[in-house]
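J.: This is the structure, below, for whatever I ask next.
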Amino acid sequence: MSEASAIEVCIAGTGSYLPEKILTNEELSTFVDTTDEWIFTRTGIKERRIAAEGEFTSHMASKAAERALEQAGLAAEEIELIIVATITPDTLTPATACYVQQKLGANKAVAFDISAACSGFLYAMKISKRMISSGAFKNALIIGAEKLSAFVNWEDRATCVLFGDGAGAAVLRAAGPGEGAILATEMGTDGNLTHLLNIPGGGSACPITINNAGDHLASLSMLGKEVFKHAVNRMKEAAEKVIARAGLEPEDIACVIPHQANLRIIDAIADRLAVPNDRVFVNLHKYGNTSAAAVAIALDEANREGKFKRGDKIVLVVFGAGLTWAAAAVRW
Ligand SMILES: CC(C)(COP(=O)(O)OP(=O)(O)OC[C@H]1O[C@@H](n2cnc3c(N)ncnc32)[C@H](O)[C@@H]1OP(=O)(O)O)[C@@H](O)C(=O)NCCC(=O)NCCS
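Counting the sequence shown from 1 gives a position; our numbering is that position plus 15.
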């Protein structure tokens, strides 16, 4: 389906929030059988943030959203649509987006969650771009937010070293003349690979009961090597599609903002896209993998650090459980 539409959609503001508490690899290795050397050489991660007790996904989401709204110059009451991408909602129902709407006082907004794991923020971007370009909504607040520390098995060294907590947000709205635009978007799913990365318990298929409560079933479970292979292939394909659809060449891209899961995956993507490493934004050494929040936090940091300016072309590309993947090409 063509992406051409009468109403162009721009990213008017970004924001992010990271909890205060830092958990370094060294601290982790005092209670898990691992080392800073193993984690850093295999993943590029040095530390991650951990939400405080009583600090939920909706709290982090709301703080990131407030910063994005401030940058966009929009009041919460003006927001018409809120989409929260998360796999670690405050509650199974209602949606975390409803708590965010209440916390922000965004009383006019329709609010719902989407569950597409690490790809969720770019799924939300594509959905809200369509909603705005169709004329159904004037603007949207999209948020990736996760409290993964509540869903990892802190005794499983193969997974617990990888993840962290945080939130990132962006405000999208109809663009005026000369403003930026989301040029092309892509998303994909392969439901044959649900077994590679999942949280098996806590849903209707496997409720947590008194009999299985000690089995860590409501924790992330992953076949890391398999995930790695698919991540590189799918991210490359998705990025290439949006680059081609936006009419860009690798040398036109000021900044690639990939999902922040593993530095070796990021390097492989940069290599395959023929974009030099200094134009690829990386912050996973500070935060680990924050799933749906990761690309949103990276977008905000890259924006605030001036990694691109008005008119520059940037590419976002992500991959996650499902398996899911997505990409977007944006003129800033
Ligand atoms: C998870 C990942 C870093 C593991 O790296 P790997 O090179 O595949 O490592 P393996 O799982 O083969 O484990 C190698 C060894 O290290 C050990 N190991 C695993 N985790 C460890 C840890 N935290 N510390 C020390 N040793 C560890 C394993 O037990 C294994 O030991 P063995 O050879 O004695 O059996 C890597 O597969 C990866 O990054 N995959 C992608 C994951 C991802 O991005 N997921 C999110 C997608 S959104």
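Don't be surprised by glycine CBs; every beta carbon is placed ideally from N, CA and C.
Just to confirm, are A160 and M250 a CB contact at a threshold of 7 Å?
T.: Along the sequence shown, read from residue 1 onward, the residue named residue 160 stands at position 145. Along the sequence shown, read from residue 1 onward, the residue named residue 250 stands at position 235. Not in contact: A160 and M250 (Cβ atoms no closer than 7 Å).
J.: Can you tell me where the alpha helix (DSSP H) with F243 in it begins and where it stops?
T.: For this step, residue 243 is matched to residue 228 along the sequence shown. Note, F243: alpha helix (DSSP H), 239 to 260.
J.: What residues in its chain sit with their C-beta under 7 Å from that of N348, if we drop five residues either side in the sequence?
T.: It is not possible to answer for residue 348, since the shown part of the chain is limited to 16 through 347.
J.: If you follow the beta strand (DSSP E) that S31 is in, where does it begin and where does it stop?
T.: Counting from 1 along the sequence shown, the entry for residue 31 is found at position 16. Its beta strand (DSSP E) spans residues 24 to 32.
J.: Is A276 near ligand 1, going by C-beta to nearest heavy atom under 6 Å?
T.: Indexing the sequence shown from 1 puts residue 276 at position 261. A276: yes, Cβ under 6 Å from ligand 1.
J.: Are the region 71 to 90 and the region 30 to 44 touching, with three or more C-beta to C-beta distances below 8 Å?
T.: As far as the Cβ criterion goes, the region 71 to 90 touches the region 30 to 44, which means the pair count is three or higher.
J.: With a threshold of 7 Å on Cβ separation, who are the neighbours of A139 within its own chain once the five nearest residues in sequence on each side are excluded?
T.: Here the question's residue 139 lines up with position 124 in the sequence shown. Result list for A139: I98, A100, I129, I157, in chain order.
J.: Nearer than 6 Å: is that true of the beta carbon of K240 relative to any heavy atom of ligand 1?
T.: Walking along the sequence shown from the start, residue 240 turns up at place 225. Answer for K240: yes, Cβ within range of ligand 1.
J.: Suppose contacts are defined by Cβ-Cβ distances below 7 Å. Is L119 in contact with S73 by that definition?
T.: As a working note, residue 119 is residue 104 in the sequence shown. As a working note, residue 73 is residue 58 in the sequence shown. Contact flag unset, no.
J.: Would you call the region 247 to 261 and the region 326 to 334 in contact, with 3 or more CB pairs under 8 Å?
T.: Flag = yes, the region 247 to 261 and the region 326 to 334 touch.
J.: Give the straight-line distance between the Cα atoms of A289 and P265, rounded to the nearest whole angstrom.
T.: Residue mapping note: residue 289 aligns to position 274 of the sequence shown, counting from 1. Residue mapping note: residue 265 aligns to position 250 of the sequence shown, counting from 1. Their Cα atoms are separated by approximately 6 Å.
J.: Buried or exposed for M16, please, with buried defined as at least 16 other CB atoms from any protein chain shown within 10 angstroms of its CB.
T.: Walking along the sequence shown from the start, residue 16 turns up at place 1. Confidence at M16 is low in this model, with a pLDDT of 42, below 50, so its placement is unreliable and the value that follows should be read with caution. Burial call: exposed.
J.: Kindly examine ligand 1 and report whether one of its heavy atoms sits closer than 6 Å to the Cβ of R249.
T.: Residue 249 sits at position 234 when you count from the first residue of the sequence shown. No, since every heavy atom of ligand 1 falls outside the 6 Å radius drawn around the Cβ of R249.
J.: For ligand 1, is there a heavy atom less than 6 Å away from the beta-carbon of T49?
T.: The count along the sequence shown starts at 1 and reaches residue 49 at position 34. At least one heavy atom of ligand 1 is nearer than 6 Å to the Cβ of T49, so yes.
J.: Tell me whether W340 sits in a helix, a strand or coil according to DSSP, three-state version.
T.: Position 325 of the sequence shown holds residue 340. Reduced to three states, the DSSP call for W340 is strand.
J.: For N304, which option in D293, G321, P273 has the closest C-alpha, if you only look at C-alpha atoms?
T.: Within the sequence shown, the letter at position 289 stands for residue 304. Selected option, being the one with the closest Cα: P273.
J.: Looking at C-alpha atoms only, which residue of T111, F243, G216, A66 is the closest neighbour of A228?
T.: Your numbering for residue 228 matches position 213 in the sequence shown. For the residues T111, F243, G216, A66, the minimum Cα distance to A228 belongs to G216.
J.: Find out if the Cβ-Cβ distance for the pair A79, K162 is shorter than 7 Å.
T.: As a working mapping, residue 79 is identified with position 64 in the sequence shown. As a working mapping, residue 162 is identified with position 147 in the sequence shown. No.
J.: Is the beta carbon of N40 less than 7 Å from the beta carbon of E95?
T.: Here the question's residue 40 lines up with position 25 in the sequence shown. Here the question's residue 95 lines up with position 80 in the sequence shown. It is not a contact, given that the beta carbons lie outside the stated cut-off.
J.: Per DSSP, which residues does G326 bridge with? Please list them.
T.: Numbered from 1 along the sequence shown, position 311 holds the residue referred to as residue 326. Beta-bridge pairing links G326 to no other residue.
J.: Which residues bound the beta strand (DSSP E) around R14?
T.: The structure shown does not extend to residue 14, since the chain spans only 16 to 347, so no value can be given for it.
J.: Shortest alpha-carbon distance to A190 belongs to which of L177, I147, I54, R172?
T.: Along the sequence shown, read from residue 1 onward, the residue named residue 190 stands at position 175. The candidate whose alpha carbon is nearest that of A190 is I147.
J.: Rounded to whole angstroms, what is the Cα-Cα separation between E70 and D267?
T.: The sequence position of residue 70 within the sequence shown is 55, counting from 1. The sequence position of residue 267 within the sequence shown is 252, counting from 1. Near 41 Å, if we compare the C-alpha coordinates of D267 and E70.
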